[in-house]
Amino acid sequence: MPMTSPSPQPIWTDGPDGYSLALEGTTLACRNAKGRRLKTVPKKVRESDQARRLADVLLWLERHERDCAARVESWLLGSLPVPVSVIAAVWPDPTWRDLLTDLFVAPVEGGEGGFLRGVDDRGRIGLLDLDAESVWLDTDRVVPPHPVLIEDLADVREFALELDITQRLPQLTRQIHRRPDAFAADAAQIDDYAGGRFDELRHAAGLAQRHGFPVRGGYATCRVVEGGRPVQARHWIGSDAPDWETETGSLLWVDTDERPLKLTDVGPVAWSEGVRMAELIYAGRKNTQEENK
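Numbering (the UniProt record's numbering), first residue to last: 1 to 293.
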């Protein structure tokens with residue numbers, strides 16, 4: 001039994017003057033009255049009521065994809081157990097299937113993980129394991145682990161590269177950062193990414209938001225669930241007027257009661273994601289070397 005589903009064929013709908021229209025991904029496709037595919041969509045067809053309705057469908061699909069991606073990423077950031085029944089329910093949806101196919105998952109009960117390939121009618125999860133074998137698992141729930149938690153991550157990445165496995169939602173290629181072992185006992189922040197200057201605060205805030213980090217109270221933020229406990233990483237970017245120059249500050253982590261955590265109490269996922277956020281924002285700082293030339 002194959003574990004993957006064939007790519008869906010476009011569904012054609014009648015347009016004006018014998019033309020047919022369909023959506024192929026995010027592209028509007030067109031056939032003439034003889035059924036021949038056209039390289040471009042004629043203006044009268046592109047401006048027709050049928051084309052406008054398909055454009056509305058496309059907007060909905062784009063929102064749907066963002067919502068699905070956000071949900072899968074929340075599973076990843078929390079290493080949350082996902083019922084196989086949920087995966088089975090959403091698998092027929094091409095958007096969900098694209099996001100879930102080749103996601104690295106492992107049984108909740110423990111054991112070797114593999115790359116998700118589907119769910120059969122018996123409720124078994126289908127994986128491509130690390131021996132390149134297709135296997136079916138009898139388990140109720142699987143976990144898509146954050147890459148910092150994957151044992152032998154380098155080997156898993158190499159295996160995926162050898163088999164040309166690509167993930168719609170980056171998991172194995174996600175940049176990770178491991179917490180150093182030594183800190184002062186009461187240390188609660190790091191300043192490795194402080195001092196990054198931006199001509200305008202809006203530039204720093206826009207950069208943070210483009211990377212998916214909400215900005216609140218002068219901080220770019222990133223929320224994860226570590227061992228069932230919500231933790232928020234915060235990187236200071238400034239709180240003055242949007243058009244004022246700003247400079248990044250400290251990176252810290254807080255619990256649900258807004259209390260700063262000691263660095264020794266920050267878990268591996270929260271640490272990795274917080275540093276990843278700060279690094280992405282800091283990388284967009286003003287180029288002081290060019291300025292001083």
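Where is the CB? At the ideal position from N, CA and C, for every residue including glycine.
- Annotation for I11: A22 place their beta carbon closer than 7 Å to its own, counting only its chain and skipping 5 residues before and after.
- The Cβ-Cβ distance between T139 and P107 falls below 8 Å.
- Contact annotation: T256 and H235 have beta-carbon atoms that are not nearer than 8 Å.
- The C-alpha of T27 lies about 12 Å from the C-alpha of R46.
- The beta-carbon separation of E245 and F198, rounded to 7 Å, stays under the 8 Å limit for a contact.
- Of the residues L61, E273, D17, E258, the one whose Cα lies closest to the Cα of S48 is D17.
- Counting the other CB atoms within 10 Å of its CB gives A184 a total below 16, which places it among the exposed residues.
- For secondary structure counted as the beta strand (DSSP E) over 3 or more consecutive residues, the region 137–201 holds these complete runs in sequence order: 141–143.
- If you look at S74, you'll find it in the alpha helix (DSSP H) that goes 49–78.
- The shortest CA-to-CA distance from A220 to any of H203, R71, P42, E112 is the one to H203.
- Taken in chain order, the complete alpha helix (DSSP H) segments of 4 or more residues contained in the region 194–277 are 201–210.
- The Cβ atoms of Y193 and A132 do not sit closer than 8 Å to each other.
- For T13, the secondary structure class from DSSP, reduced to helix, strand or coil, is strand.
- Going by beta carbons, A270 and A241 fall outside the 8 Å limit.
- For G218, same chain residues with a beta-carbon under 8 Å away, outside a window of 5 residues either side, are W236, I237, G238, S239 in chain order.
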